[in-house]
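Right, one structure below, let's go through it.
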Amino acid sequence: MTANHEADLLRALPAVTDAELAALRDRLPAITDAELAALRDRLAERADAEGVLDVAYRTLDTPVGALLLAATPAGLVRVAYPIEGHDQVLETLATRVSPRILNAPRRLDETAREIDEYFAGQRRTFDLPLDYRLATGFRREVLGHLPGIGYGTTASYATVAAAVGHPRAFRAVGTACATNPLPVVLPCHRVIKSDGNPGNYRGGPTAKEFLLNLEAA
Amino acid sequence: MAEHGATVLRVCRAVLGPADADDAWSETFLAALKAYPRLPGDANVEAWLVTIAHRKAIDITRAAARRAVPVADVPEPPNPQRAGGRDIDLAGALAALPRRQREAIAYHYLAGLPYQDVAAITGGSTDAARRAAADGIARLRKTYPGTALPDGENP
Chain A
0 MTANHEADLL
10 RALPAVTDAE
20 LAALRDRLPA
30 ITDAELAALR
40 DRLAERADAE
50 GVLDVAYRTL
60 DTPVGALLLA
70 ATPAGLVRVA
80 YPIEGHDQVL
90 ETLATRVSPR
100 ILNAPRRLDE
110 TAREIDEYFA
120 GQRRTFDLPL
130 DYRLATGFRR
140 EVLGHLPGIG
150 YGTTASYATV
160 AAAVGHPRAF
170 RAVGTACATN
180 PLPVVLPCHR
190 VIKSDGNPGN
200 YRGGPTAKEF
210 LLNLEAA
Chain B
0 MAEHGATVLR
10 VCRAVLGPAD
20 ADDAWSETFL
30 AALKAYPRLP
40 GDANVEAWLV
50 TIAHRKAIDI
60 TRAAARRAVP
70 VADVPEPPNP
80 QRAGGRDIDL
90 AGALAALPRR
100 QREAIAYHYL
110 AGLPYQDVAA
120 ITGGSTDAAR
130 RAAADGIARL
140 RKTYPGTALP
150 DGENP
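The listed protein sequences derive, respectively, from chains A and B.
Residue numbers for the first sequence follow numbering that gives the first Met the number 0, beginning at 0 and rising by one.
Residue numbers for the second sequence follow numbering that gives the first Met the number 0, beginning at 0 and rising by one.
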């Protein structure tokens with residue numbers, strides 16, 4: 000949109016031929032991604048210092064795609080796969096947590112480091128403050144149980160249901176896993192079908208198999 | 000909100016010049032973050048951000064005026080540098096415009112706001128905003144490179 004308005008502005012100038020227009024556009028002070036990124040970094044720092052940065056986010060390239068990581072001052076609140084649509088996830092965070100959201104990688108440095116180590120096969124458990132606010136009730140109970148399923152092992156939906164005291168609620172366990180706001184970090188990928196099939200996954204079946212294979216190696 | 004970052008920076012640069020634009024941008028978004036939860040869901044975020052930027056630009060200009068050595072009149076922005084009439088860039092030509100014209104052009108052409116919104120931000124009527132933009136464009140036509148400017152004529 001803005002580019003068009005700049006063109007409108009330039010066209011509004013008289014005796015400007017297309018060739019001149021091209022030359023003139025070069026003279027417009029371009030706004031580079033680096034300039035904007037520097038401004039955003041500084042803004043994130045100031046917003047954080049003044050207590051008006053409720054959600055910080057960044058993306059992290061991993062073997063299962065670019066993960067969106069989002070944190071509140073309480074801890075990591077969301078890990079999202081590309082197939083969830085990062086923009087959509089940010090919209091949801093704005094609605095459900097706070098619209099004070101900024102791309103502020105620094106608050107997520109430690110998270111990114113631990114996830115990098117996990118994918119490099121150098122980390123088996125995560126040692127991060129977590130903000131469970133996007134999961135409530137039974138789902139939250141299920142999520143709380145997930146870290147108990149050790150690295151490289153799996154549990155069935157029915158086993159998890161029994162472990163949280165509702166043996167017949169294995170479908171609800173499936174839903175809790177499917178809506179896990181913190182996949183990878185809370186290992187819902189270790190919950191599989193009783194017949195040994197991996198079953199569904201928030202990041203898609205390929206990602207689930209990748210994680211299970213990574214941990215089996 | 001992030002998607003409007005470039006537009007707001009363009010507007011700040013056009014109204015204030017590059018030196019103060021970064022500060023205006025930061026102040027705008029910081030103020031927006033503080034106020035954001037009170038913004039109605041159907042609000043035009045870009046118009047709202049430009050409104051904040053407008054106020055921050057005024058604040059910054061006033062602060063600069065307070066710091067400056069007192070002069071009889073409010074100083075106009077300096078004329079753009081001219082080297083054989085060729086080194087005037089668009090930003091420089093914009094900087095040489097009177098403030099109202101600069102604002103009207105920035106908010107209408109760079110931020111894409113209708114004149115009605117421009118008028119709501121700058122004060123005055125929609126027609127006055129339209130006229131300010133037209134006058135500004137007319138003036139740019141004289142000061143912008145590519146059109147010969149007779150020697151000795153002050154833009």
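Every residue gets a Cβ at the ideal spot worked out from N, C-alpha and C, and that includes glycine.
Chain-order list of residues whose beta-carbon lies under 6 Å from that of residue i (same chain, five-residue window excluded)
| i | result |
| --- | --- |
| Tyr143 of chain B | Ala92 |
| Asn153 of chain B | Annotation note: pLDDT 40 at Asn153 of chain B (below 50); position unreliable, no value reported. |
| Asp130 of chain A | Thr71, Ala73, Gly74 and Val76 |
| Pro74 of chain B | For Pro74 of chain B, the pLDDT reaches just 49, beneath the cut-off of 50, and the residue's location in the model is therefore unreliable, although a value from the coordinates is still provided. Same-chain partners within the cutoff: there are none. |
| Ala162 of chain A | His144 |
| Ser193 of chain A | Ser155 and Ala157 |
Sub-9 Å separation of residue i and residue j beta-carbons
| i | j | result |
| --- | --- | --- |
| Phe28 of chain B | Leu15 of chain B | no |
| Gly198 of chain A | Gly64 of chain A | no |
| Tyr114 of chain B | Arg98 of chain B | no |
| Leu8 of chain B | Ile30 of chain A | yes |
| Asp115 of chain A | Thr61 of chain A | yes |
| Ser25 of chain B | Arg41 of chain A | yes |
| Val88 of chain A | Leu67 of chain A | yes |
| Pro17 of chain B | Ala137 of chain B | no |
| Phe118 of chain A | Leu213 of chain A | yes |
| Val172 of chain A | Val190 of chain A | yes |
| Ala103 of chain A | Ala37 of chain A | no |
| Arg132 of chain A | Val96 of chain A | yes |
| Ala43 of chain A | Arg106 of chain A | yes |
Own chain residues within Cβ distance below 7 Å of residue i, not counting five before or after
| i | result |
| --- | --- |
| Tyr106 of chain B | Val10, Val49, Leu112, Val117 and Ile120 |
| Tyr200 of chain A | His188, Ala206 and Lys207 |
| Phe169 of chain A | Tyr156, Ala157 and Ala160 |
With 16 other Cβ atoms within 10 Å as the buried cut-off, status of residue i
| i | result |
| --- | --- |
| Glu90 of chain A | exposed |
| Asp53 of chain A | buried |
| Ile82 of chain A | exposed |
| Ala34 of chain B | exposed |
| Val44 of chain B | exposed |
| Gly135 of chain B | buried |
| Asp86 of chain A | exposed |
| Glu275 of chain A | Lying before the first or after the last residue shown, residue 275 of chain A is absent from chain A, which here runs from 0 to 216. |
| Tyr150 of chain A | exposed |
| Gly195 of chain A | exposed |
| Arg12 of chain B | buried |
| Asn179 of chain A | buried |
| Arg39 of chain A | buried |
| Ala21 of chain A | Confidence at Ala21 of chain A is low in this model, with a pLDDT of 47, below 50, so its placement is unreliable and no value can be given for it. |
| Gly120 of chain A | exposed |
| Gly4 of chain B | buried |
| Asp150 of chain B | Confidence at Asp150 of chain B is low in this model, with a pLDDT of 37, below 50, so its placement is unreliable and the value that follows should be read with caution. Exposed. |
| Ala79 of chain A | buried |
| Ala42 of chain B | exposed |
Boundaries (first-last residue) of the alpha helix (DSSP H) holding residue i
| i | result |
| --- | --- |
| Arg167 of chain A | Per DSSP, Arg167 of chain A belongs to no alpha helix (DSSP H) and is neither H nor E. |
| Thr121 of chain B | Tyr114 to Thr121 |
| Asp126 of chain B | Thr125 to Thr142 |
| Arg138 of chain A | Gly136 to His144 |
| Leu217 of chain A | In the structure displayed, chain A extends from 0 to 216; residue 217 of chain A sits before or after that span and is not available. |
| Glu200 of chain B | Residue 200 of chain B lies beyond the stretch modelled for chain B, which goes from 0 to 154, so this question has no answer here. |
| Ser25 of chain B | Pro17 to Ala34 |
| Glu34 of chain A | Asp32 to Ala48 |
| Ile82 of chain A | Taken as a continuous stretch (DSSP letters only), Ile82 of chain A belongs to no alpha helix (DSSP H), as it is neither H nor E. |
| Val49 of chain B | Val44 to Arg66 |
| Ala110 of chain B | It is not in any alpha helix (DSSP H) - Ala110 of chain B carries neither H nor E in the DSSP assignment. |
| Gly149 of chain A | Looking at the DSSP string, Gly149 of chain A is not in any alpha helix (DSSP H), and its letter there is neither H nor E. |
| Ala94 of chain B | Leu89 to Ala94 |
Range covered by the beta strand (DSSP E) that runs through residue i
| i | result |
| --- | --- |
| Ala65 of chain A | Gly64 to Thr71 |
| Gly74 of chain A | Gly74 to Ala79 |
| Asp60 of chain A | Val54 to Thr61 |
Own chain, CB closer than 8 Å to residue i, minus 5 neighbours either side, in chain order
| i | result |
| --- | --- |
| Leu92 of chain A | Val54, Tyr56, Ala69, Val76, Arg77 and Ile100 |
| Asp17 of chain A | Residue confidence for Asp17 of chain A is low, a pLDDT of 48 falling below 50, so the modelled location carries little weight; the figure read from the coordinates is stated next. Same-chain partners within the cutoff: there are none. |
| Glu109 of chain A | Leu127 |
Within chain C, partners of residue i - CB distance below 9 Å
| i | result |
| --- | --- |
| Val51 of chain A | Of the chains in the structure shown, none is chain C; the protein chains are A and B. |
Distance cut-off 8 Å: residue i Cβ against heavy atoms of the ligand SAM
| i | result |
| --- | --- |
| Ala37 of chain A | No copy of the ligand SAM appears in this structure; indeed no ligand is present at all. |
### Query
Of all the alpha helix (DSSP H) runs that stay within the bounds of the stretch 89-134 of chain A, which reach a length of 4 or more residues?
DSSP runs (the alpha helix (DSSP H)) wholly in the stretch 89-134 of chain A: 108-118.
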